[in-house]
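Sequence positions in the sequence shown follow our numbering and run 8 to 617.
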Amino acid sequence: MAEGSGDTVEEVTEESAEVKGNDEQEANENSPQVEEGNLNNNAGGEGGEGEESNQKEEGNDENTTESAGNGEGKARGTFPWVVVWGRGDRGSLSNHGHHSKPQTEGAVQGETATVGDADSEEKSAESKEDEGQEKEDTVTAEDQAKQEKGETTEVETPKDADEGGKDTEGEQTSEDKTKSEEKEGSEEEEKKIPSDFFYDYEEHASRARVTEESGLPENIMNLEHSFGYDCHKMSNLHMVDPDTVLFAAGNVLQILNLQTSEQKYIRSMSGGGIGAVTVHPSGKYFVVAEKGEMPNIAIYQFPSLRLYRILRGGTEKAYSFVDFNPSGSLLASVGSYPDFMLTVWDWEQEKTMLRTKAFSQDVFRVTFSPENEGQLTSSGTGHIRFWKMARTFTGLKLQGQLGKFGRTEITDIRGYVELPDGKVLSGTEWGNMLLWEGGLIKVQISRKNKKPCHAGTIEQFVMDEGELISIGADGFVRVWDFESIDTADSMDDSGIFEMEPMNELKVGNSVHLMSMVKTLDPEATSIWYAQDANGGIWRLDLSFSHTMETPEKLFSFHSGVISQVASSPVSQLVASAGLDIACPGLWLQMGSPPQGHIVVVCCSVPGGIV
């Protein structure tokens with residue numbers, strides 16, 4: 008401490024000693040003690056703040072299980088798309104995002120509650136010592152003596168002590184301040200997001216990025232049409248009404264009318280692309296889970312397409328899958344590399360309920376149980392995991408049980424379905440099915456003579472009206488008897504149960520089925536729409552009757568990198584060349600642009616046309 012500062016402390020200590028009737032020697036001995044005490048208070052104050060911060064962080068996650076992944080990496084899963092740009096009045100070239108700051112009300116409330124408790128305890132102790140005085144007028148005899156001599160208490164009570172709740176001036180208003188803070192904290196805790204609240208989409212959507220020196224406006228181009236489809240993405244085809252499907256293509260969500268081919272687009276907020284899409288059980292909302300640095304989950308209302316909710320902080324780089332529970336009250340999301348974070352959301356209030364690390368490698372899918380409330384299943388690279396939302400003495404927890412393959416070869420699991428009695432049926436890389444019970448493989452299912460159920464990976468299972476449907480990378484849709492599978496058991500030491508499908512449909516040559524969705528048209532219950540990883544959307548009739556319709560490919564897309572694009576000098580055609588095998592080239596019919604407009608045709612990286 009500087010010499011001048013020491014004199015000041017010594018002088019005040021002498022005055023205090025004079026009031027108390029102590030001699031000058033005792034005051035001089037106390038002077039360095041005050042100095043050391045101030046330093047100790049300072050250290051203690053900083054330590055207290057650190058402990059308080061840790062307590063608040065632990066408190067926010069009290070009802071959760073959280074673990075972070077290690078390593079560095081980039082978000083995975085870029086894909087080609089085709090888009091047509093024209094010169095117009097609005098901007099749609101999306102490579103730059105605008106983000107809103109995450110809400111921090113919970114942290115502020117926790118701090119207010121802690122400070123209020125400290126002040127209340129101090130007030131209670133001083134009130135017992137000065138029973139004859141009002142709490143707001145309480146001062147110590149030492150301070151009163153100083154005030155009579157025209158001195159203040161600011162010198163004797165340093166900033167560090169003030170932070171510890173020992174400022175005598177602060178004591179005069181601490182009770183009112185504490186009550187006010189506690190009241191405000193209580194009001195904030197009870198405050199909920201109104202059901203009719205919406206965000207301004209244009210304030211959050213990504214926009215074109217223009218260099219400052221160019222002088223060009225952001226809205227120099229607008230998106231006219233997209234010929235793209237991320238057909239390799241898991242479950243990237245969803246129905247929102249009998250005539251409308253939606254899917255991700257690059258940085259936009261496409262909303263496609265199957266009858267008129269009319270398209271609408273929603274740009275991502277991050278500008279980094281879209282990781283996963285799903286639809287609410289009611290059909291009134293759909294979810295766009297994004298890619299990018301700390302990506303968001305955007306929830307839109309349908310058919311208004313208004314931005315309804317934004318979920319923040321669920322993963323570091325990209326979301327790989329999202330799913331609603333049967334009632335639609337909860338949303339589960341899982342992130343990709345590097346954290347693989349599984350989160351359960353109260354999405355209407357934008358709150359995280361539970362979170363934990365799903366696995367240490369890629370997680371392809373996570374779904375709620377359709378029959379058993381509070382149960383989930385996730386699967387991915389070399390694993391499947393069974394989750395329960397369990398209430399413990401510390402609160403609600405996610406408890407995961409890793410499936411054990413035993414004598415069966417470990418496999419990546421992309422498709423699975425939970426049966427009504429809690430068993431889980433999953434696929435394998437070699438095409439057989441695995442029946443899981445209690446975290447163990449009960450039996451492996453194949454066709455007769457050890458022939459695999461599918462010639463390759465089983466991408467999806469669907470339970471529909473008591474029938475079990477499997478969708479394979481071999482282009483086949485097969486229907487199995489549910490009762491036979493549910494009661495299947497091995498007849499020998501091989502651990503394999505053999506059976507044949509009830510019906511099957513070959514969609515076409517060079518078809519790699521990724522997923523199927525059933526039509527919402529009540530008059531066409533046998534119609535399904537299928538996602539083809541080789542670049543297409545199919546219309547399938549699964550009635551398996553003598554009037555059954557032939558599979559129809561409704562739309563074709565590139566499924567790989569587009570290497571070149573050229574426009575015809577004599578007609579309204581554009582040709583594209585790609586590296587994909589199934590669709591090496593496309594002829595695109597281009598309409599005449601309005602007078603005074605130009606059409607820009609370009610490729611994306613890696614692949615896609617505008």
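Here a beta-carbon is modelled for each residue, glycine too, at the ideal position from N, C-alpha and C. Since the structure is predicted, the reported quantities are computational estimates derived from the model, not experimental observations.
| Query | Result |
| --- | --- |
| Selection from S386, V572, Q308 that minimises the alpha carbon distance to L409 | S386 |
| 8 Å contact criterion, which L527 and D330 should meet: CB distance rounded | No, L527 and D330 are not in contact; Cβ-Cβ is about 18 Å, not under 8 Å. |
| Buried versus exposed, by CB contacts within 10 Å (16 or more), F551 | exposed |
| S574 vs L586 beta-carbon contact at 7 Å | no |
| Residue nearest to G479 in terms of C-alpha spacing, selected from T435, F309, G502, A495 | T435 |
| Simplified DSSP state of Q368, which is helix, strand or coil | coil |
| Best match in S578, E355, G429 for proximity to N379 [C-alpha to C-alpha] | G429 |
| Same chain, Cβ closer than 6 Å to G407, five either side skipped, listed in chain order | R392, W394 |
| Simplified DSSP assignment, three categories, for F293 | strand |
| Every unbroken beta strand (DSSP E) inside the stretch 381 to 452 [3 residues or more] | 382 to 387, 390 to 399, 402 to 409, 423 to 425, 431 to 434, 440 to 444 |
| Proximity of Q467 and S501 at Cβ, strictly below 7 Å | no |
| Buried versus exposed call for Q261 [16 or more other C-beta atoms within 10 Å across all chains shown] | buried |
| Alpha carbon of R546 to alpha carbon of T218, nearest angstrom | 45 Å |
| Cβ-based neighbour list, M241, same chain, cut-off 8 Å, excluding 5 preceding and 5 following | A283, S327, F328, F371, R372, R421, M521, S522 |
| Endpoints, the beta strand (DSSP E) within which I478 is located | 474 to 479 |
| Any beta strand (DSSP E) of 3 or more consecutive residues that is wholly inside the stretch 509 to 582 | 510 to 513, 520 to 525, 534 to 539, 543 to 548, 559 to 563, 569 to 574 |
| F489 to M440 span [Cα, whole Å] | 13 Å |
| Rounded separation between K449 and L442 - CA only | 6 Å |
| Buried versus exposed, by CB contacts within 10 Å (16 or more), G473 | exposed |
| Pairwise C-alpha distance: L263 and K271 | 7 Å |
| Three-way DSSP call (helix, strand, coil) for S221 in this model | helix |
| Terminal residues of the alpha helix (DSSP H) in which D6 lies | Any question about residue 6 goes unanswered here, given that the chain covers just 8 to 617. |
| Check whether E297 and I317 have beta carbons under 7 Å apart | no |
| Short Cβ contact (7 Å threshold) for D493 with H461 | no |
| Burial state of E556 (16 or more Cβ within 10 Å) | exposed |
| Helix, strand or coil at Q270 [DSSP, three-state] | strand |
| Under 7 Å between C-beta atoms of A495 and I452 | yes |
| Closest residue to V252 among I304, I544, E300 (Cα-Cα distance) | I544 |
| D419 and T374 closer than 7 Å at C-beta | no |
| Beta-carbon proximity list for S275, same chain, < 6 Å, skipping 5 on both sides | S213, N258, I281, E297 |
| Alpha-carbon spacing of S497 relative to K411, whole angstroms | 18 Å |
| Proximity to W354 [Cα-Cα], best of D369, K525, S334 | S334 |
| Cβ distance (whole Å) where E357 is taken to contact I200 below 8 Å | 6 Å |
| Under the three-state DSSP convention, the category E379 falls into | Position check: residue 379 holds Asn in this sequence, whereas Glu was assumed. In the structure shown, N379 sits in coil (DSSP, three-state: anything other than H, G, I, E or B). |
| Contacts around C238, its chain only, beta-carbon distance under 8 Å, and the 5 residues preceding and following it disregarded | F86, M521, Q538, D539, A540, N541, G542, G543, F564, S566 |
| Cβ shell of G413 (< 7 Å), same chain only, five flanking positions each side left out | L447, I448 |
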